[in-house]
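Just so you know, the sequence shown maps onto residues 27 to 117 in the numbering used here.
Beta carbons are placed, not taken as given, at the ideal position from N, Cα and C, and that holds for glycine.
If you're wondering where the values come from, they're calculated on a predicted model, not measured in any experiment.
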Amino acid sequence: MTKEQLAARIARGYNYVDPITTKDVDKILSKIKSIQDKNSGRISEEVVERVIHEVLDGRTVFSLSSVDTTDTTNLLQQIIAAAKNNVKPKS
Numbered sequence: 027m028t029k030e031q032l033a034a035r036i037a038r039g040y041n042y043v044d045p046i047t048t049k050d051v052d053k054i055l056s057k058i059k060s061i062q063d064k065n066s067g068r069i070s071e072e073v074v075e076r077v078i079h080e081v082l083d084g085r086t087v088f089s090l091s092s093v094d095t096t097d098t099t100n101l102l103q104q105i106i107a108a109a110k111n112n113v114k115p116k117s
């Protein structure tokens, strides 16, 4: 998955209206990796969601109440794996 694809999935999964850039994706992955490094490689989905919302704070959202948690759980697992393995999505 490329950075652009990951950004699009985050925007779609969390209903962001404003664009998410590859720089935003890099910040998200970097923060997640930093937390994993401090916690022996562990991180919860709740913490990943908090990181996403912190990095994207101020962006316009359609409505968080309509987020499909099935899709976001899968997305969170992919983000965690990318950060844990220090895999940078292709640019």
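Run of the alpha helix (DSSP H) containing residue i, from where it starts to where it stops
i, result
"S60", "48-64"
"V87", "That residue, V87, is in no alpha helix (DSSP H); it is neither H nor E in DSSP."
Rounded straight-line distance, which links the Cα of residue j to that of residue i
i, j, result
"F88", "P45", "13 angstroms"
"E72", "V43", "22 angstroms"
"Q103", "V74", "9 angstroms"
"T48", "L82", "12 angstroms"
"I106", "I58", "7 angstroms"
"A108", "R85", "23 angstroms"
"S60", "A37", "23 angstroms"
"A34", "M27", "11 angstroms"
"L101", "R76", "14 angstroms"
Supposed contact pair residue j and residue i - C-beta distance, whole angstroms, cut 8 angstroms
i, j, result
"I78", "Y40", "7 angstroms"
Three-state secondary structure assigned by DSSP to residue i
i, result
"V43", "coil"
**Request:** Decide yes or no for the touch test of the stretch 64-75 against the stretch 44-53: beta carbon pairs closer than 8 angstroms, at least 3 of them.
**Result:** No: fewer than three Cβ pairs fall under 8 angstroms.
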